[in-house]
Amino acid sequence: EAQVTQNPRYLITVTGKKLTVTCSQNMNHEYMSWYRQDPGLGLRQIYYSMNVEVTDKGDVPEGYKVSRKEKRNFPLILESPSPNQTSLYFCASRDGTAHNQPQHFGDGTRLSIL
Amino acid sequence: GDSVTQMEGPVTLSEEACLTINCTYTATGYPSLFWYVQYPGEGLQLLLKATKADDKGSNKGFEATYRKETTSFHLEKGSVQVSDSAVYFCALTAAGGTSYGKLTFGQGTILTVHP
Chain A
1 EAQVTQNPRY
11 LITVTGKKLT
21 VTCSQNMNHE
31 YMSWYRQDPG
41 LGLRQIYYSM
51 NVEVTDKGDV
61 PEGYKVSRKE
71 KRNFPLILES
81 PSPNQTSLYF
91 CASRDGTAHN
101 QPQHFGDGTR
111 LSIL
Chain B
115 GDSVTQMEGP
125 VTLSEEACLT
135 INCTYTATGY
145 PSLFWYVQYP
155 GEGLQLLLKA
165 TKADDKGSNK
175 GFEATYRKET
185 TSFHLEKGSV
195 QVSDSAVYFC
205 ALTAAGGTSY
215 GKLTFGQGTI
225 LTVHP
């Protein structure tokens, strides 16, 4: 089954404790991205990757890091989490770079930073 | 920059009522337009899309028409069901520039359908 898998689904942690949210897709997609969803704001892009070893900032990259060492994986790293990063996070992937192709989303990771 | 504006929610309807969720956009060139649906506890699923002016996307009884003259992509359904209760997002990807296919989302509209 074609899917995007995120882990963990839920995490409660404390300010300053480094964490990583993993994302893996099994569709051989070149393009992957991370979004955060906040009430009243919809989803906003954090980082994206066009292919292996190619990453770039989205609209809200501050406080986040990513890496793309393999095509299937695109982890999101919070080096020193803060309460304003409490949010619902989604990983997504898309075949190629054509803008008219839809993105496939994971089920989300709900992070609470205390 | 690109932007998407959806009608404010939440929207509450009785089963079999007609649904319209308004969506307008601002973008340069000819973006692709999408409606995504998010059921409780799940990720976003593509509901329908349209990639050029006057295209009509349709799926599961939902329809939306790409109107370039009014920069709109309103979502419609003639008879909603309880199972349609979800959050609906209008989104676009720009045709060019440096956005590399970033999805720009509206703020989402919560739909609740009562029996």
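Protein chains in written order, with our numbering: chain A, 1 to 114; chain B, 115 to 229. Quick reminder that beta carbons are idealized off the backbone N, C-alpha and C, glycines included. Because the structure is a prediction, the values reported are computed rather than measured.
### Task
Figure out for me which residue from B:A200, B:A164 and B:E183 has the closest Cα to the Cα of S146 (chain B).
Taking the first residue of the second sequence as position 1, residue 146 (chain B) is located at position 32. Residue B:A164 is the option with its Cα nearest to S146 (chain B).
### Task
Helix, strand or coil for S82 (chain A), going by three-state DSSP, please let me know.
Position 82 of the first sequence, counted from the first residue, corresponds to residue 82 (chain A). Note: S82 (chain A) maps to coil in three-state DSSP.
### Query
Does the stretch 148-162 of chain B come within contact of the stretch 172-188 of chain B, defined as at least 3 CB pairs closer than 8 Å?
Yes: the two stretches touch, three or more of their Cβ pairs being nearer than 8 Å.
### Task
Determine whether the Cβ of Q195 (chain B) lies closer than 8 Å to any Cβ atom of chain A.
Here residue 195 (chain B) corresponds to residue number 81 of the second sequence, with the count starting at 1. No, Q195 (chain B) does not count as interfacial toward chain A.
### Task
Name, please, each residue of chain A whose Cβ falls closer than 9 Å to the Cβ of G220 (chain B).
If you number the second sequence from 1, residue 220 (chain B) lands on position 106. G42, listed in chain order.
### Query
Looking at the unbroken beta strand (DSSP E) that takes in R94 (chain A), where does it start and where does it end?
On the first sequence, position 94 is the one that residue 94 (chain A) refers to. From DSSP, the beta strand (DSSP E) with R94 (chain A) extends over S87 to R94.
### Query
Of the residues that make up the stretch 115-148 of chain B, which ones have a beta carbon closer than 7 Å to any beta carbon in chain A?
Using a CB distance below 7 Å, the part of the stretch 115-148 of chain B facing chain A consists of S146 and F148, ordered along the chain.
### Task
Run down chain B in chain order and give the residues with a C-beta less than 9 Å from the C-beta of Y10 (chain A).
For the purposes of this step, residue 10 (chain A) is identified with residue 10 of the first sequence, where counting begins at 1. Within chain B, no C-beta atom comes less than 9 Å from the C-beta of Y10 (chain A); the nearest is roughly 11 Å away.
### Message
Using 8 Å as the cut-off, can you tell me whether the stretch 11-25 of chain A makes contact with the stretch 36-43 of chain A, which would need three or more C-beta pairs spanning the two stretches below that distance?
### Response
Cβ pair count under 8 Å is below three, so no.
### Task
Report the neighbours of Q103 (chain A) on chain B: residues whose CB is nearer than 7 Å to its CB, in chain order.
Position 103 of the first sequence, counted from the start, is the residue given in the question as residue 103 (chain A). Within chain B, the residues whose beta carbon sits less than 7 Å from that of Q103 (chain A) are L217, listed in sequence order.
### Query
Do L133 (chain B) and E190 (chain B) come within 8 Å of each other at the CB atom, strictly closer than that value?
Mapped onto the second sequence, residue 190 (chain B) falls at position 76. Mapped onto the second sequence, residue 133 (chain B) falls at position 19. Judged by beta-carbon spacing, L133 (chain B) lies within the 8 Å limit of E190 (chain B), meaning their Cβ atoms are closer than that value.
### Message
Can you pull out the residues from the stretch 151-162 of chain B whose beta carbon lies closer than 9 Å to at least one beta carbon of chain A?
### Response
Within the stretch 151-162 of chain B, the residues whose Cβ lies closer than 9 Å to any Cβ of chain A are, in chain order, Q152, G155, E156, G157, L158, Q159 and L160.
### Query
What's the call for A205 (chain B), buried or exposed, on a 16-neighbour Cβ count within 10 Å?
Here residue 205 (chain B) is taken as the residue at index 91 of the second sequence, counted from 1. It counts as buried.
#### Entry: chain A contact residues for F203 (chain B), given Cβ-Cβ distances below 8 Å
Residue mapping note: residue 203 (chain B) aligns to position 89 of the second sequence, counting from 1. Correct list: G42 and L43.
#### Entry: Residue nearest to K111 (chain A) in terms of C-alpha spacing, selected from A:H29, A:S67, A:S82 and A:N73
To locate residue 111 (chain A), count along the first sequence from 1; it is residue 111. Rather than Lys, the amino acid found at residue 111 (chain A) in this sequence is Leu. When only C-alpha atoms are compared, the closest one is A:S82.
### Task
Within its chain, find whatever has a CB closer than 6 Å to the CB of G123 (chain B); leave out the 5 residues flanking it on each side and keep chain order.
Looking up residue 123 (chain B) in the second sequence gives position 9. Closer than 6 Å at the Cβ level, and outside the excluded window around G123 (chain B), lie T223 and I224.
### Query
If we ignore side chains and look at the alpha-carbon of each, how far apart do E53 (chain A) and F74 (chain A) end up?
Residue mapping note: residue 53 (chain A) aligns to position 53 of the first sequence, counting from 1. Residue mapping note: residue 74 (chain A) aligns to position 74 of the first sequence, counting from 1. Approximately 10 Å, taken between the alpha carbons.
#### Entry: Listed by chain order, chain B residues near F74 (chain A) by CB distance under 8 Å
If you number the first sequence from 1, residue 74 (chain A) lands on position 74. In chain order: nothing, as chain B lies at least about 14 Å away.
#### Entry: Distance, S93 (chain A) Cα to L11 (chain A) Cα
If you number the first sequence from 1, residue 11 (chain A) lands on position 11. If you number the first sequence from 1, residue 93 (chain A) lands on position 93. Within the model, the alpha-carbon separation for L11 (chain A) versus S93 (chain A) is close to 22 Å.
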